[in-house]
Structures are given as structure tokens and as C-alpha cells.
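Notes for the one structure printed next.
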Amino acid sequence: MKVLRIPQISAEEYIEKQIVKIRETVGGGRVLLALSGGVDCSVSAALLSKAGVKLTCILVDHGFMRKNEANEVKNAFADWDLELITVDAEERFLAKVKGVSEPEQKRKLIGEEFIRVFEEQAKKIGVVDFLAQGTIYTDVIESENKDGKAAVKSHHNVGGLPESIKFKGIIEPVRELYKNEVREISAILGLPDYITKRQPFPGPGLAIRVIGEVTKERLDVLRDADYIYREEIAAAGLNTDINQYFAVLTDMRSVGVKDGMRTYGYIAALRAVNTVDLVTARFARLPYEVLEKVSARITSEVVPRGGIGISRVVYDITDKPPGTIEWE
Ligand code: XMP
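Laid out in C-alpha cells, this is it:
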């Protein structure tokens, strides 16, 4: 059994200790948690649920999630003792980013809207005693480096903490852990593999993987392409080797030919990286056979929306630095 870094105890002991700590801190109070499906907040939710406290989780579906993702999160927690409120906020998020192409502006608008939706839901719930979040040890170090003092991790790193919700304190059940330890605890708690092994996913989601203007049509085209990519990576048994991989929909179009007809679709890019800490990364040397299959499937299977599909697929061979992992 693996010994965790802080404190030097086993994963099982860590779980027990956290449960006791949560019970002592929260008592009969209500805890509110923004649940995105990421492993950190999912494990936090699971620990709080195991502790038997009154827990309400809010899943804000901003419409920028990957294919089936909102349902996967709901299914993962279907048998857990917690209240899960899913907010279908796709339309209002799409309205917010309509006509916006600049990445930082997208992030800012999405972050602000996220907080607004979260606050609205919190108001409906009434009294909230504690906010919980999935801060992990690397977040603590990063914020210490930034400010010289430990700051609170903001939801999705962009919007900051909700200001209008009054609460007694913050609960961070995985604060002492590194990511691999959170994953280990996730498996022990019995969360499904698609949560335990979930790749890092940016808070603004696919909105920053649709380069340029974000529309429902373009998001749907990307969702399909990304799904095919993930399927093929898994089929090749590479999903546990590569740390992060995803498709990007560029705003460039290119001429192609399909069934003897000229096409003029978007160019999709595939990204796959290996990284220890997300600070530096190397592009993954994917086998050509896998790339070939993904490219063939994407160009033939992705249904055009608004008359535009994907006519060409390219592979990103940029390390970080000089590139970032995400394109925006
Ligand atoms: P970059 O693109 O900066 O990404 O090399 C490093 C890691 O961070 C993820 N990422 C985000 N995560 N909110 C997040 O929670 C964000 O706004 C965000 N932007 C990038 C990215 O997927 C990669 O794992």
C-alpha cells in the first residue's frame, strides 16, 4: 500500500481521518460544492458524502462540456448520498460568448457567468454553512508562490469565489494530496474509472478549444471529433500512457474532396502531450496508424453543422514551452 506524502499515512487512513475531520467541522451544517466531474472535486464530494454531512453539489453545465460528460458525472454519483443539482445553462453561456473570439475575454466572461449561476443556485438553497472545493497540494504551492500566502483556489481558476454567498468556512478534503494520490483515493472510494483517470480539463471547457467564435454548431462538431479521438486512443490502449489529449477546432477552413464533391470544412487539430506537472510538456509520439484512423474517422463521420464539417486534420507537434497545452 502506498504511503501518502502528507501526512505519512496510508490512503485508507487518510480517508478515515478526513471523514472524522469533516464531521467535526461541519456538524449538522450544510455544505455546498461546485462539481465539474474533475477528479479533485469528485473525490471531495465523495469524502463529504461518506462523512454523512448535508451536501449539495451543483453541476453547472455551461454547454462547453465534452460529449456525454454531464451524464457521466450524474451517473457517477447516482448511488451516493448527496443532493446533485444540474443546471442546464448552455443558452446563457452561449449568449455571453456570442461574437467573442479573444481567448482571455472568453475565459473572463465564462468565469463571471459561472459564479453568477452558482450564486443563483446557492440563493435558492438558502442557508449554506460551508463551501467545499477540490484544492490539491499543487494549487496550494502555486498560490503561495504567487502571493507569498496561501490563497483560495478559484472556481475554474477564472471567476474567483462567489461573493454573495455567506458561509462560515471552506472545506478542502484533498488539500494535502498530489494528483496521483487523489486518483488513488478515488479508486479506493469506488468512483468509476472515467472520474478516477479523468484528464485535466479547463474550466471554460471546449469554449477555448473552439478557436475564434464559439457557436453551438461549432461546439457540436468539435464534440464529435474529440469523442472519436478519445475512442481511438482508448482502443489503442494509449489512454493511460498519455497525460492529456484532445481535439481543437480551428477557425481556418480548407478545401477537401468527399464522394467526388468539393468540400470546404474546418481544419481540426489533434493535441496529445506527456507532462509531469503541466508546466512543461512534450508532444506525444503517437503511432501513425492511430493518427491515420482518427483522421479518417473524423473527416468521414463528423456530421457537418450549419453546412460545415471537418475537411482536414492536423497533428500538433509543439512542446510546452514554447506552446501551451491548450490552444487558447
Ligand atoms: P496550458 O494551456 O496553460 O494548460 O499549458 C496547463 C494545464 O491547465 C489546464 N487549463 C486550465 N485548467 N482552468 C482550468 O482549470 C483553465 O482556465 C485552464 N486553462 C488551461 C490545461 O488543460 C492544462 O492541463
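Take the sequence shown: its position 199, counted from the start at 1, is 198 in numbering that gives the first Met the number 0, and no numbers get skipped. The C-beta atom is built at its ideal place from N, Cα and C for all residues, glycine as well. Note that this is a predicted model, so its numbers are computed, not measured.
### Query
Any chance the CB of valine 298 is under 6 Å from a heavy atom of ligand 1?
Residue numbering aside, residue 298 sits at position 299 when the sequence shown is read from its first letter. According to the sequence provided, residue 298 is threonine. The question's valine does not apply to it. Relative to ligand 1, even the nearest heavy atom lies 6 Å or more away from the CB of threonine 298.
### Task
In the DSSP assignment, find the unbroken alpha helix (DSSP H) run with aspartate 60 in it and report its ends.
Here the question's residue 60 lines up with position 61 in the sequence shown. That residue, aspartate 60, is in no alpha helix (DSSP H); its beta strand (DSSP E) goes 53 to 60.
#### Entry: Nonlocal neighbours in the same chain, by C-beta distance under 8 Å from lysine 167, ignoring five residues either side
Along the sequence shown, read from residue 1 onward, the residue named residue 167 stands at position 168. Closer than 8 Å at Cβ, skipping near neighbours: Gly28, Asp128 and Phe129.
#### Entry: lysine 215 versus glutamate 11: straight-line alpha-carbon distance, rounded
For this step, residue 215 is matched to residue 216 along the sequence shown. For this step, residue 11 is matched to residue 12 along the sequence shown. Answer to the nearest angstrom: the Cα atoms are 44 Å apart.
### Query
Using a threshold of 6 Å, is the CB atom of threonine 323 nearer than that to any non-hydrogen atom of ligand 1?
On the sequence shown, position 324 is the one that residue 323 refers to. Yes; taking the cut-off as 6 Å, the Cβ of threonine 323 has a heavy atom of ligand 1 nearer than that.
### Task
Kindly indicate the opening and closing residues of the alpha helix (DSSP H) around glutamate 180.
Here residue 180 is taken as the residue at index 181 of the sequence shown, counted from 1. Segment 178 to 188, the alpha helix (DSSP H) holding glutamate 180.
### Message
Counting C-beta neighbours from all protein chains within 10 Å, is the total for threonine 195 16 or more, i.e. buried, or is it exposed?
### Response
Sequence index remark: in the sequence shown, residue 195 carries index 196 (1-based). Counting Cβ neighbours within 10 Å, threonine 195 comes out buried, since at least 16 surround it.
### Task
Determine the DSSP secondary structure at glutamate 89, reduced to helix, strand or coil.
Here residue 89 is taken as the residue at index 90 of the sequence shown, counted from 1. Helix at glutamate 89.
### Task
Could you pull the start and end residues of the beta strand (DSSP E) that aspartate 250 belongs to?
Position 251 of the sequence shown, counted from the start, is the residue given in the question as residue 250. 243 to 257 is the span of the beta strand (DSSP E), which, as asked, contains aspartate 250.
### Task
Indicate the three-state DSSP secondary structure (helix, strand or coil) for threonine 195 in the structure shown.
Mapped onto the sequence shown, residue 195 falls at position 196. Residue state, collapsed to three classes: helix.
### Message
Let me confirm a value: phenylalanine 298 is counted as buried when at least 16 other C-beta atoms fall within 10 Å, else exposed. Which label applies?
### Response
Counting from one through the sequence shown, the residue named residue 298 turns up at place 299. It should be pointed out that residue 298 corresponds to threonine in this sequence rather than to phenylalanine. With 16 or more other Cβ atoms within 10 Å, it is buried.
### Task
Could you check the C-alpha separation between glycine 110 and aspartate 60 for me, to the nearest Å?
The residue given as residue 110 occupies position 111 in the sequence shown. The residue given as residue 60 occupies position 61 in the sequence shown. So the alpha carbons of these two residues sit roughly 13 Å apart.
### Message
For the segment 263 to 278 against the segment 288 to 304, do three or more pairs of beta-carbon atoms, one drawn from each stretch, fall closer than 8 Å, so that the two count as touching?
### Response
Yes: the two stretches touch, three or more of their Cβ pairs being nearer than 8 Å.
### Query
How about valine 173 and valine 275: are their beta carbons less than 7 Å apart?
One-based indexing of the sequence shown puts residue 173 at position 174. One-based indexing of the sequence shown puts residue 275 at position 276. For the pair valine 173 and valine 275, the CB atoms are not nearer than the 7 Å cut-off.
### Task
Going by DSSP, name the residue or residues bridged to leucine 269.
Position 270 of the sequence shown, counting from 1, holds the residue named residue 269. Residue pairing of leucine 269 in beta bridges, as defined by DSSP: Ala246 and Tyr314.
### When Arg182, Glu119, Lys53 and Pro199 are compared against serine 35, the one with the closest alpha-carbon
Locating residue 35 in the sequence shown gives position 36, counting from the first residue. It is Pro199.
### Message
What does the alpha-carbon distance come out to for the pair leucine 83 and glutamate 90?
### Response
Numbered from 1 along the sequence shown, position 84 holds the residue referred to as residue 83. Numbered from 1 along the sequence shown, position 91 holds the residue referred to as residue 90. If I take the Cα positions, the gap works out to 21 Å.
### Task
Run the proximity test for leucine 277: is its beta-carbon closer than 6 Å to any non-hydrogen atom belonging to ligand 1?
For the purposes of this step, residue 277 is taken as the residue at position 278 of the sequence shown. Yes; taking the cut-off as 6 Å, the Cβ of leucine 277 has a heavy atom of ligand 1 nearer than that.
### Three-way DSSP call (helix, strand, coil) for serine 35 in this model
As a working note, residue 35 is residue 36 in the sequence shown. The DSSP-derived three-state label of serine 35 is coil.
#### Entry: C-alpha gap between tyrosine 13 and glutamine 132, whole angstroms
As a first step, residue 13 must be located in the sequence shown, where it is residue number 14. As a first step, residue 132 must be located in the sequence shown, where it is residue number 133. So the two alpha carbons sit approximately 17 Å from each other.
### Query
Are the beta-carbon atoms belonging to isoleucine 18 and lysine 49 less than 7 Å from one another?
The count along the sequence shown starts at 1 and reaches residue 18 at position 19. The count along the sequence shown starts at 1 and reaches residue 49 at position 50. A contact, by the Cβ cut-off of 7 Å.
### Query
Are the segment 57 to 75 and the segment 205 to 220 in contact at 8 Å, needing three or more beta carbon pairs?
Contact between the segment 57 to 75 and the segment 205 to 220 is present, because at least three Cβ pairs lie under 8 Å.
### Message
Under 6 Å: does the beta carbon of glycine 202 sit that close to some heavy atom of ligand 1?
### Response
Along the sequence shown, one-based indexing puts residue 202 at 203. Yes, the Cβ of glycine 202 comes within 6 Å of a heavy atom of ligand 1.
### Task
Could you tell me whether the Cβ atoms of aspartate 318 and arginine 281 are closer together than 7 Å?
Position 319 of the sequence shown, counting from 1, holds the residue named residue 318. Position 282 of the sequence shown, counting from 1, holds the residue named residue 281. Cβ atoms of aspartate 318 and arginine 281: closer than 7 Å.
### Task
Answer yes or no: do leucine 108 and lysine 95 have a C-beta to C-beta separation smaller than 7 Å?
The count along the sequence shown starts at 1 and reaches residue 108 at position 109. The count along the sequence shown starts at 1 and reaches residue 95 at position 96. Cβ atoms of leucine 108 and lysine 95: closer than 7 Å.
### Query
Which whole-angstrom value is the C-beta distance of alanine 45 and leucine 188, which I expect to be below 8 Å?
The residue you call residue 45 lines up with position 46 of the sequence shown. The residue you call residue 188 lines up with position 189 of the sequence shown. 5 Å between Cβ atoms; contact.
### Query
Where does the unbroken alpha helix (DSSP H) through phenylalanine 129 begin, and where does it stop?
Reading the sequence shown from its first residue, position 130 is the one you call residue 129. Unbroken run through phenylalanine 129 is the beta strand (DSSP E), 129 to 131; no alpha helix (DSSP H).
### Rounded straight-line distance, which links the Cα of threonine 55 to that of glutamate 165
In the sequence shown, residue 165 corresponds to position 166, counting from 1. In the sequence shown, residue 55 corresponds to position 56, counting from 1. Sequence check: residue 165 is lysine here, not glutamate. Near 15 Å, if we compare the C-alpha coordinates of threonine 55 and lysine 165.
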